[in-house]
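Participant:
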Amino acid sequence: MGKRILLVVAGGIAAFKTPDLVRRLRERGASVRVVLTDGGAQFVTPLTLQAVSEDKVYRDLWSLTDESEMGHIQLSRSADVILVAPATANILARMAHGLADDLATTVLLATDKPVIVAPAMNVRMYEHPATQANLALLAARGVTIIGPDDGAMACGEFGPGRMSEPLSIAAHLADWFTGQAGPKPLAGRHALVTSGPTHEPIDPVRYIANRSSGKQGHAIAAALVALGARVTLVSGPVALPDPAGATVLHVESAREMLAACEGALPADIVVAAAAVADWRVADAAGQKLKKDGGALPSLTLAENPDILATLSKPGPERPALVVGFAAETNDVLAYAQAKLARKGCDWILANDVSPATGTFGGDRNLIHLIRQGQSPETWPDLPKMEVATRLAAEIASHFEFENGKK
Ligand code: PMT
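Counting in our numbering, the sequence shown runs from 1147 upward without gaps.
(1) How is Trp1322 classed by DSSP in three states: helix, strand or coil?
(2) Between Ile1291 and Gly1307, what straight-line distance do the alpha-carbon atoms span, to the nearest angstrom?
(3) Can you check which of these residues, Cys1301, Val1181, Ala1266, Val1469, is closest to Gly1293 by C-alpha distance?
(4) Please classify Asp1429: does DSSP put it in a helix, a strand, or coil?
(5) Looking at the C-beta of Asp1201, does it have a partner C-beta in chain B at a distance below 8 Å?
(6) Taking C-alpha atoms, which residue in Ser1458, Ala1400, Asp1414 lies nearest to Ala1428?
(7) Please go through the same chain and pick out, in chain order, the residues whose beta-carbon is closer than 6 Å to the beta-carbon of Ala1431, but skip the five residues on each side of it.
(8) Can you say whether Cys1407 is buried or exposed, counting buried as having 16 or more other CB atoms within 10 angstroms of its CB?
(9) Helix, strand or coil for Thr1344, going by three-state DSSP, please let me know.
(10) To the nearest angstrom, report how far apart Ala1466 and Ser1358 are at their CA atoms.
(11) Excluding the 5 residues flanking Gln1483 on each side, which residues of the same chain have their C-beta closer than 7 Å to its C-beta?
(12) Flag this pair as yes or no: are the beta carbons of Leu1207 and Leu1249 separated by less than 8 Å?
(13) Could you tell me the alpha carbon to alpha carbon distance between Asp1424 and Asn1511, rounded to whole angstroms?
(14) Quick check on the burial criterion: 16 or more other C-beta atoms within 10 angstroms. Buried or exposed for His1243?
(15) Just to confirm, does Asn1511 get its C-beta within under 7 Å of one of the non-hydrogen atoms of the ligand PMT?
(16) Within 7 Å: the Cβ of Thr1505 and any heavy atom of the ligand PMT?
(17) Find the nearest neighbour of Ala1298 within the set Thr1456, Ser1310, Ser1381, judged by alpha-carbon distance.
(18) Whose C-beta lies closer than 7 Å to the C-beta of Gly1507 among residues of the same chain, with five residues either side of it excluded?
(19) Thinking C-beta only, is Ala1375 closer than 8 Å to Leu1332?
This is how it looks when you write it as structure tokens:
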């Protein structure tokens, strides 16, 4: 998503779900800044929201410090969108009638940015004509309304009024951003992304694999979709949902991955984030190997094709920009430089995959971007979605620059 969201947390029981909501939005690459009302603070602490958003939580209209650091007008405009969740009957009424009696409502009145609300309240309050009229007024003014869901309420009643689940709100926002008529600098470009591990069979039930989760590659596919690229994601076996908007080809082994990639050409962009097994078992057994008390089986390995090197080969089908990864546990930069030269790609993203870093399978990554002929550029330690957003932006600038030269 790669967007800045200002989340207004109002005073309803559903506020306890907002740390999860912040997490889900950040997983999709958004940065989230929180405004917490006094009512909201009855259900969720500022400290929790500060920890999950990794940003200051704003609470007080009259705070001299906050006003000098980030005035409420600036706060209201510093985001791409304002999300009110939970949106209680009270805050909806104040929004509808233009009240500005605390930081949240002042920000909402001062903003020139789109506003999205996720209502949450008791079913009778939701169905009350006053609330319905307020929602209708807000909708007529362009406010987007997500939910509420039907279900059992904290008050014991049943019906519409439950705040939509954080995952669903985050997905809704991602779709909303995708549907926006914002700039799509990669429109008309085809991006081929590899992600996840490969599984190399030993026999029909056993395989050689590695610890890649696909989080980094899938995030890159989503970030490229968000910038308008047509994305083909070739994914090894992972437990992640397919990123919305990408064509996903599911494969198991390195040789299947190569065939899928070659079948997806031509492409303008390749990002090889998959942790492809370097070797496979030369003569995988057709039937399950038996432990029969005799000699231990020994595995003879054969080298797998190098997908990145194959796609980087000069020729008429060579994508204009080929980006590889280098997963190293020591001498990261030196090995990554050598890989960039050996594989013939244009850029390489070096990451340290020593167990202590948690890069394999974790949610964060510290990247050194090395472009052919240039010194490495080290990015801060970022959530993988933010790495993806940043890479997609770099790719878009690369094409803008190349176009400018023509
Ligand atoms: O999936 P996650 O849990 O989110 O973890 C992300 C990651 C650590 C897997 C990712 O950030 C990463 O580093 N991916 C590349 C992993 C890897 O196999 O690195 P490598 O240094 O062994 O390979 C270098 C490059 O060659 C990579 O672009 C790789 O995709 C490619 N390669 C390698 C071998 C091979 N046979 N074919 C290839 O295309």
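C-beta: ideal position from N, C-alpha, C; glycine also.
Note that the structure is a prediction, hence the values are computed from the model and not measured.
Facilitator: On the basis of the supplied data:
(1) Under the three-state reduction of DSSP output, Trp1322 falls in the helix class.
(2) Their Cα atoms are separated by approximately 13 Å.
(3) Ala1266
(4) Here Asp1429 sits in coil by DSSP.
(5) Note that chain B does not occur in the displayed structure, where there is just one protein chain.
(6) Ala1400
(7) Same-chain partners within the cutoff: Asp1349.
(8) With 16 or more other Cβ atoms within 10 Å, it is buried.
(9) coil
(10) 27 Å
(11) Within the same chain, Gln1483 has close Cβ partners Ile1516.
(12) yes
(13) 22 Å
(14) exposed
(15) yes
(16) yes
(17) A check of alpha carbon separations from Ala1298 across Thr1456, Ser1310, Ser1381 identifies Ser1310 as the nearest.
(18) Cβ within range, chain order: Arg1357, Ser1359.
(19) yes
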